[in-house]
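To get our numbering, take the position in the sequence shown, counting from 1, and add 12.
Using N, Cα and C, we set each Cβ at its ideal position, and we do this for glycine too.
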Amino acid sequence: MTGTILSALKRKSREAILCLLPGLAGLLFMAVPAEASSAQAPAAQSWSAVLGGHDASPAFLIAVDKHEQKVFAYERHSPMRLAAAFPCTTGQETGDKLVNGDLKTPEGVYFVESHITSGLNYTLYGKEAYPLNYPNPVDRLRRKTGYGIWLHGKGVPLTPLDTRGCVGMNNQDIASLGEKIQRGQPVTIAERIERMEELSAGRAADFAALEKLVPAWAEAWENRSSVLFEFYDAQAYSLAQKQPFEAFRAHKEQVFRAVSWINNEISDLQILEGPGYWVTWFNQKYAASNLKTSGTRRLYWQKDAQGQLRIVGMEWLPGLASPVLLASSGTSGGLPAGGGEPAAEATEQADPPGQSGALPLAPAAQTFAEARPGRVEAAPEIPEERIRQFLDDWREAWFKADLEAYAGFYASGATQSGLGLQQMLAAKGKLWAQAKPLEIVFDSIEITRTGPGIKVTIFQSYTGSKGYTDRGLKTLLLEAAEGSLLIVREDWKPSRK
C-alpha cells in the first residue's frame with residue numbers, strides 16, 4: 013500500500029491517493045446517529061460520543077458527559093478502561109454551544125491550552141483552571157461564537173447545570189485529575205459518553221485509512237508536491253482559518269520554490285472523532301534548507317460532497333510535544349475514583365472595564381545592544397517569511413489570551429514597555445482573566461537587521477472585548493539563536509491620530 017501511495021504522489025494524482033482510502037466514516041468517537049454532516053452545518057443539538065479502542069486512540073482521555081454531569085478519565089490498555097469518574101457541573105442550558113452568552117457547554121473534541129494556578133476568583137474557579145481551545149477550527153467554520161471555556165475547580169458546593177459554559181469540578185478532584193494533564197491533553201465533551209468494548213470491523217478500517225491519509229499528506233509536503241493542496245477543502249479551510257486558501261497555497265508554493273529540500277517527520281499519531289468531524293494530531297519535526305522547527309500539528313477533517321475526508325482546519329503549536337502514548341506501555345499510574353467538594357458558577361470570560369492590550373509607554377528600543385549588552389556576533393540568517401510566521405504565531409497566542417504560549421515567545425530577560433518578563437506576564441494574566449482581545453491587526457511591518465539582532469516595527473490596531481481600542485507603533489527586538497526567534501524587548505507608542 014505504501015508503495016502505491018508514493019507512486020500516486022509522484023503522479024500528483026489526487027484520485028490515485030484518495031481512492032485508496034474509502035469509507036472514512038468514523039474513528040474513536042462517532043456521532044449517533046452516524047451521519048456525515050456538510051462542512052458548515054452545525055452539529056445536532058445533542059451529540060453522543062461512543063468510546064472504543066484502537067492503537068491510535070489517546071493513551072489518556074478526559075471525557076465529559078453533560079447528561080450524567082460526570083467527568084470520566086480513560087486509559088488505553090487494549091482496550092480503553094475507565095480509570096476514574098468525578099462529578100462535575102456544566103452549562104445552565106442544554107445542547108451544543110452556538111453563540112456567545114447562550115449558557116451552553118460546547119460539544120466536540122478540544123485540547124488543554126494552559127494551566128492557570130494564580131489570579132483566579134476562588135468562588136468561581138477554585139484553585140486552578142485548564143483553558144480549552146474553544147472555538148476550534150470546525151467551530152469557527154460553523155460560525156460558532158464565544159470563548160473562555162475552561163475545565164476548572166470550584167469554591168462552593170457543586171450544583172448541576174450551574175455554569176455559563178465551562179466544566180466545573182471539585183477542587184480536590186481536578187487536583188487529582190491534573191496529575192495526568194499536560195498541555196495538549198485531549199478533552200471530549202458530549203451530551204452522553206457511551207462505551208463500546210471493541211471497534212466494529214468497519215470502524216477499525218476507518219482508523220487504518222486515516223492512519224494512511226496523514227502520512228500521505230506529510231509525504232506530499234516533503235516532496236514539495238502540488239498533491240498537498242488536494243488534501244484540503246479550500247472553501248471550508250478559508251472560513252475555519254480566517255485566511256484565504258489561495259494565500260495559504262501561494263505561501264507554500266513560494267517556500268517549495270525557495271528551498272532545495274524538505275524533511276517532514278511525524279510521529280505519535282492520535283485520532284478522535286467529534287460531531288461531524290475528525291481530529292488527527294501528531295508530533296512533527298520539520299527541517300528544510302532554510303529552517304528547522306518542531307511541535308504539535310493538528311488536522312481537522314470533514315467529508316466533502318463526494319464522501320472524501322478533506323482537511324478543513326489546522327493548528328500548529330511550535331515547541332509543544334504532544335503527550336506521549338504512555339498508557340500503551342502499561343506504565344500509567346491510576347487515579348482515585350473521585351469524590352465531592354465545594355463548587356460554584358463558572359463563566360465565559362467577562363470583559364473588564366476598558367483596558368488596552370498594550371502596557372504603558374516607554375522609550376522605544378533603537379539598538380539590539382540596548383536589550384542584549386555584550387552580544388556582538390551576527391545573527392543567524394533567518395528568512396523574512398520565517399520572521400513573519402513568528403509574528404503571526406505570536407499574535408495568535410496573544411489573540412487567544414494563552415499566557416503559556418504567549419510567554420514562550422519571549423527571552424528569559426525580556427522587557428515589555430519597561431516591565432520585566434514576570435511582571436509583564438502577571439499583568440497580562442490579570443487583564444486576560446477579565447477581558448480578551450477581540451481584534452489585533454498588524455500593518456506596515458518593517459524588518460531590519462541590526463547586527464546580532466532583528467528589529468521589527470508594526471503599525472498595530474487593537475480592539476478589546478469591552479470595546480476598548482487603540483492604535484500605534486509596536487517595536488520589537490528579536491534574538492535569533494539556534495534557528496529560533498525570541499522577543500528580547502517590546503515597546504509601544506500610541507498614535508495621536
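| Item | Value |
| --- | --- |
| Residue nearest to residue 86 in terms of C-alpha spacing, selected from 411, 488, 216, 208 | 208 |
| Proximity below 8 Å, CB of residue 144 to CB of residue 128 | no |
| Cβ contact check for the stretch 141-160 and the stretch 106-124: 3 or more pairs under 8 Å | yes |
| Whole-angstrom C-beta distance between residue 243 and residue 250, which should lie under 8 Å | 15 Å between Cβ atoms; not a contact. |
| Continuous beta strand (DSSP E) stretch holding residue 474: start and end | 465-476 |
| Close Cβ partners of residue 409 (< 7 Å) along its chain, the five nearest in sequence each way excluded | 417, 418, 421 |
| Option in 130, 248, 71, 179 with minimal Cα separation from residue 194 | 71 |
| Spatial distance of residue 97 from residue 82 (CA atoms) | 7 Å |
| Range covered by the alpha helix (DSSP H) that runs through residue 406 | 396-411 |
| The stretch 164-183 / the stretch 130-138 touching (three or more Cβ pairs under 8 Å) | yes |
| Secondary structure of residue 438, DSSP reduced to three states | helix |
| The alpha helix (DSSP H) enclosing residue 222, as first and last residue numbers | 213-234 |
| Sheet register partners of residue 299 (DSSP bridge) | 275, 304 |
| Where the alpha helix (DSSP H) through residue 149 begins and ends | 149-153 |
| Close Cβ partners of residue 490 (< 8 Å) along its chain, the five nearest in sequence each way excluded | 399, 402, 465, 466, 467, 468, 497, 498, 499, 500 |
| For residue 488 and residue 444, believed in contact at Cβ under 8 Å, the rounded distance | Rounded, the Cβ-Cβ distance is 20 Å, inconsistent with contact. |
| Residue 483 - partner residues in DSSP beta bridges | 473 |
| Residue interval of the alpha helix (DSSP H) (run including residue 418) | 415-419 |
| Rounded separation between residue 295 and residue 275 - CA only | 14 Å |
| Under 8 Å between C-beta atoms of residue 110 and residue 156 | yes |
| Pair within 8 Å by beta-carbon distance, residue 301 and residue 273 | yes |
| Cβ-Cβ separation, residue 334 to residue 196 (assumed contact under 8 Å), whole Å | 5 Å |
| Check whether residue 516 and residue 253 have beta carbons under 8 Å apart | The requested residue 516 is not part of the displayed model; the chain covers only 13 to 509. |
| Contact set for residue 327: own chain, Cβ-Cβ below 6 Å, skip 5 residues either direction | 310 |
| Which listed residue (99, 112, 116) has its alpha carbon closest to that of residue 105 | 116 |
| Alpha-carbon to alpha-carbon, residue 440 and residue 222 | 40 Å |
| Reference residue 460; option with closest CA among 180, 484, 394 | 394 |
| Reference residue 317, options 131, 247, 224, closest by Cα | 247 |
| Reference residue 99, options 181, 58, 112, closest by Cα | 181 |
| Boundaries of the alpha helix (DSSP H) in which residue 261 is found, first to last residue | 257-270 |
| Rounded separation between residue 73 and residue 187 - CA only | 16 Å |
| Check: residue 184 C-beta below 7 Å from any heavy atom of the ligand SAH | No copy of the ligand SAH appears in this structure; indeed no ligand is present at all. |
| Residue 390 classed as buried or exposed, judged by whether at least 16 other C-beta atoms fall within 10 angstroms | Low local confidence applies: a pLDDT of 44 at residue 390 is under 50, so the model's placement there is unreliable, and no value is given. |
| Residue 168 - DSSP class collapsed to helix/strand/coil | coil |
| Burial state of residue 502 (16 or more Cβ within 10 Å) | buried |
| Distance between beta carbons of residue 103 and residue 176, contact taken as under 8 Å | 7 Å |
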